[in-house]
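Start counting the sequence shown at 1; every next residue gets the next number (the working numbering). No residue lacks a Cβ here, since even glycine has one placed at the ideal position from N, Cα and C. Keep in mind the model is a prediction, meaning the values are calculated, not measured. Reading through the structure tokens given below for one structure.
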Amino acid sequence: MNDRTKLIAIALGLWLALEIVAFAFVLRSVGLLMAILLGLGATALGLSDVKRLMSVWRDRGRVRAEGAMLDGALQAFASFLLILPGFASDVAGLALKSPSVRAAVMNRIRNRGKSPTKPEGPQTIDLDPREWKHLTPSGRPKRKRKKPDGASPAAR
């Protein structure tokens, strides 16, 4: 068994344990009958969404906007997660149904393997003490304090 296979086995084992804990939590919160109904409802939601996605893909199969294929794949994966039995997968599927979560996941997938871009130009700017000012929290420059003898600091 190589390292990748072990990692997949551990991840699946942890996911199964998470599903059991989530089911126990829902079971304790709402009771057996309601937990079963919630599970069946999530499965029905996933199946109806797959049906909707298939009709959309059939109607717009020739149009390929940038990111549309990845967005559709994430929607299909979200539907698959809803179809799977278990409340943890339902939460993940419902999260992927949100456009903002899908956009964040798509950005992460697109930027995978790319090195982060660094801004061009100098990263440090040296300023002479006369070229900057201390600011108050409101954004105004701090006033110079007068000396107790009444002479201004600029007069010296």
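Next item on the list: Can you tell me which of the three DSSP states Pro148 falls into?
Entry: The count along the sequence shown starts at 1 and reaches residue 148 at position 148. In the structure shown, Pro148 sits in coil (DSSP, three-state: anything other than H, G, I, E or B).
Margin query: Less than 7 Å between CB atoms is the rule here; does Asp128 satisfy it with respect to chain D?
Written below: Among the protein chains of the structure shown there is no chain D, as only one such chain exists.
Next item on the list: Would you kindly work out how many angstroms separate the C-alpha atoms of Ala76 and Met106, rounded to a whole number?
Entry: On the sequence shown, position 76 is the one that residue 76 refers to. On the sequence shown, position 106 is the one that residue 106 refers to. About 14 Å.
Note to self: Suppose you measure from the CA of Leu14 to the CA of Ala22; what does that come to, to the nearest Å?
What the structure shows: As a first step, residue 14 is located in the sequence shown; it is residue number 14 there, counting from the start. As a first step, residue 22 is located in the sequence shown; it is residue number 22 there, counting from the start. Cα-Cα distance, rounded: 12 Å.
Item checked: Paired residues, beta bridge with Pro141 - DSSP -> Taking the sequence shown and counting its residues from 1, one reaches residue 141 at position 141. DSSP lists Leu135 as the beta-bridge partner residues of Pro141.
Item checked: Backbone CA spacing between Ser98 and Glu120 [nearest angstrom] -> For the purposes of this step, residue 98 is taken as residue 98 along the sequence shown, with counting starting at 1. For the purposes of this step, residue 120 is taken as residue 120 along the sequence shown, with counting starting at 1. The straight-line gap separating the alpha-carbon atoms of Ser98 and Glu120 is approximately 35 Å.
Next item on the list: Output the boundary residues of the alpha helix (DSSP H) element that contains Leu18.
Entry: Position 18 of the sequence shown, counted from the start, is the residue given in the question as residue 18. Here the alpha helix (DSSP H) through Leu18 covers 3-30.
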